[in-house]
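Protein chains in written order, with the numbering used here: chain A, 135 to 667; chain B, 114 to 268.
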């Protein structure tokens with residue numbers, strides 16, 4: 135019924151647009167196909183995926199925009215089978231107002247109360263279906279949302295939650311470089327867990343303020359979550375704080391950010407229940423306060439942030455020591471708020487809570503990383519990049535503390551060289567090595583992972599990539615030791631580009647043919663065609 | 114669904130390519146009207162992120178193009194695609210790299226979705242009439258030469 139109404143409305147608008155001959159368009163298409171074998175642990179099986187999405191935007195007279203996505207994910211690489219007309223919307227907008235009916239995303243502050251987004255590579259989608267409005271007046275910006283969010287977790291597949299959400303925000307600029315914001319979200323949800331589902335209501339207000347001057351920027355965002363399970367009348371409360379401060383001058387930039395997330399602190403018995411209704415809600419998504427890396431070996435075994443119980447900080451420095459060089463340094467540290475002691479073998483007691491600074495002992499499951507990278511340009515045709523990182527990840531075994539904690543230390547050294555031979559040939563070579571010490575690998579605590587890639591770039595538009603990866607870990611989950619793949623990429627013209635790859639991939643973030651994407655472990659053929667009109 | 118695609122097919126002959134008309138706010142709190150920017154001669158819009166290696170490789174060349182042709186009417190706007198996870202460090206990065214052209218934050222990817230962007234880096238070259246006349250996806254060494262050729266065609 136809704137689709138029929140949408141088509142009728144579309145036809146009406148379209149006919150008026152033809153009459154006025156003022157429709158403009160924007161169309162893009164992404165086709166992804168894979169055929170091969172996927173290994174999850176030691177289990178292998180044939181795997182094929184086919185995804186095609188066509189995004190269309192039409193700009194009509196009277197400042198109206200309509201859009202939709204024709205989607206065919208059957209089967210998808212990640213997530214659920216899905217096909218049909220998605221992301222459809224009608225929007226009326228001007229310089230100081232916007233009204234949108236249909237699907238939308240939204241962000242308030244830094245996302246502690248609301249951050250709706252889609253990440254197809256993770257199969258994560260929290261776009262809503264409803265109405266969104268914005269209005270600006272003098273130094274005020276008002277916004278409001280209402281609608282539904284049907285959330286399905288592609289990783290924790292038992293997790294299916296249906297939300298009805300109402301909310302809004304006000305931003306006030308008392309001065310041009312100061313912003314004060316208030317947001318409030320009310321949600322009612324049905325958690326589809328057996329035997330009969332759980333209904334909850336939740337309130338997530340948030341307050342944020344920011345200050346921006348030429349050299350100093352500051353932001354503070356605070357939110358709390360107050361939820362109630364209607365079936366049992368059980369309440370749960372939590373809160374989150376995020377703050378950042380930056381100092382910048384030409385040639386130098388320093389940023390320090392801090393997180394203190396306690397949306398749902400739980401003992402080790404309850405912590406891993408991902409369907410529990412008291413945890414942070416899927417439409418909340420605060421900053422991770424960790425470095426996002428582009429080197430492949432860095433993107434594996436990264437710390438998984440627990441937004442329900444984690445505090446920490448990150449310091450990042452960018453520096454241009456000379457005209458030909460660029461230096462990046464990063465340090466981050468995080469831990470749980472408390473250590474937990476098992477009393478009488480039956481229940482846990484929270485001990486020694488950290489209010490502001492993360493905990494350093496193993497009992498707090500600390501994580502830290504230190505990273506430094508130097509880029510140097512020898513000439514217009516030759517440049518290199520060298521980096522080093524040290525990481526430590528500890529997962530406390532609260533059931534049997536001390537020697538049974540899982541401790542992983544790693545040191546990663548990447549090196550990259552780019553060389554332009556002449557106007558039609560360049561190459562890029564990349565070598566990364568990671569030294570790992572993992573105490574859960576009982577017979578082989580120390581091992582290393584290595585990755586080598588060579589990319590040839592021809593007449594700027596075509597690339598040939600060879601990628602080789604190797605591990606000395608006898609306990610590698612997939613039982614493989616070597617992965618290798620060949621990839622051909624090309625830009626047919628300014629509207630069409632493609633990538634064809636064949637071989638085995640261990641997974642991680644890979645940049646090739648001039649773009650970056652995340653790849654999950656796979657063995658076989660991959661094809662991607664991007665079109666933009 | 115079928116009606117939608119039939120209309121689209123019939124209409125392609127009647128449709129004009131989208132004009133790039135937006136009001137943006139830069140990191141320096143400057144209000145940018147793309148109409149005023151491309152009216153000078155040409156506007157290059159570049160979508161990038163601090164975590165994207167090819168994007169970072171391209172930026173120094175965009176800086177050079179801006180310095181070379183801004184007096185001829187070229188304007189460049191960098192639209193940053195760092196999500197709220199890493200957006201705090203964008204200003205630090207921009208200052209350290211001494212990027213001269215204005216940078217706009219697109220933390221919720223609204224602008225990127227408006228142009229149906231798929232991957233980054235992604236560049237759009239807009240002429241005096243506001244029409245997107247050239248699109249470029251990705252960055253390989255030497256792409257800056259091709260970009261310069263396209264810019265010179267319209268300046």
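C-beta atoms are modelled at their ideal positions from N, C-alpha and C, and glycine is treated no differently.
These numbers come from a predicted model, not from an experiment.
Of the other Cβ atoms in all chains shown, 16 or more fall within 10 Å of the Cβ of residue 521 of chain A; this residue is therefore buried. For secondary structure counted as the beta strand (DSSP E) over 3 or more consecutive residues, the region 494 to 564 of chain A holds these complete runs in sequence order: 501 to 511, 516 to 529, 540 to 556.
In this structure, residue 253 of chain B lies away from residue 550 of chain A, with their beta-carbon atoms at least 8 Å apart. DSSP lists A:363 as the beta-bridge partner residues of residue 368 of chain A.
Around residue 254 of chain B, the beta-carbon contacts reaching into chain A at under 7 Å are 552, 554, 560, 591. Residue-level contact check: residue 250 of chain B touches chain A, since one or more beta carbons of chain A fall below 8 Å from its beta carbon. For chain B, the residues of the region 452 to 472 of chain A that bring a beta carbon within less than 8 Å of one of its beta carbons are 452, 453, 454, 460, in chain order.
For residue 152 of chain B, the closest Cβ of chain A is not nearer than 8 Å.
The beta-carbon separation of residue 632 of chain A and residue 641 of chain A, rounded to 21 Å, does not stay under the 8 Å limit for a contact.
Residue 199 of chain A: member of the beta strand (DSSP E) spanning 198 to 207, first to last residue. For the pair residue 300 of chain A and residue 236 of chain A, the Cα-to-Cα distance works out to about 15 Å.
Taking C-beta atoms as the reference points, residue 167 of chain A and residue 209 of chain A fail to come closer than 8 Å. In the structure shown, the three-state DSSP call for residue 298 of chain A is strand.
Nearest neighbour of residue 217 of chain A by Cα position, chosen from A:205, A:228, A:515, turns out to be A:205. Under DSSP, residue 399 of chain A takes part in no beta bridge, so it has no partner. Every unbroken stretch of the alpha helix (DSSP H) spanning 4 or more residues and falling wholly within the region 139 to 221 of chain B is given here in chain order: 147 to 152, 166 to 182, 203 to 210.
Beta-bridge partners of residue 355 of chain A (DSSP): A:342, A:376.
The bridge partners DSSP lists for residue 252 of chain B come to none. In terms of beta-carbon proximity, residue 666 of chain A lines the interface with chain B, with at least one pair separated by less than 8 Å.
For residue 190 of chain A, the enclosing beta strand (DSSP E) stretches over residues 177 to 194. Judged by their CB atoms, residue 449 of chain A and residue 508 of chain A are not nearer to each other than the 8 Å cut-off. Under the three-state reduction of DSSP output, residue 260 of chain A falls in the coil class, being neither helix nor strand. Collapsing the DSSP output to three states places residue 267 of chain B in a helix. In the DSSP assignment, residue 447 of chain A forms a beta bridge with A:392, A:467. Taking 8 Å as the cut-off, the Cβ atoms of residue 612 of chain A and residue 637 of chain A do not count as close. Not flagged as an interface residue toward chain A: residue 147 of chain B, since no C-beta distance is shorter than 8 Å. Assigned with DSSP and collapsed to three states, residue 632 of chain A falls in strand. In terms of beta-carbon proximity, residue 213 of chain A stays away from the interface with chain B, with every pair separated by 8 Å or more. Collapsing the DSSP output to three states places residue 491 of chain A in coil. The continuous alpha helix (DSSP H) containing residue 226 of chain B extends over residues 223 to 227.
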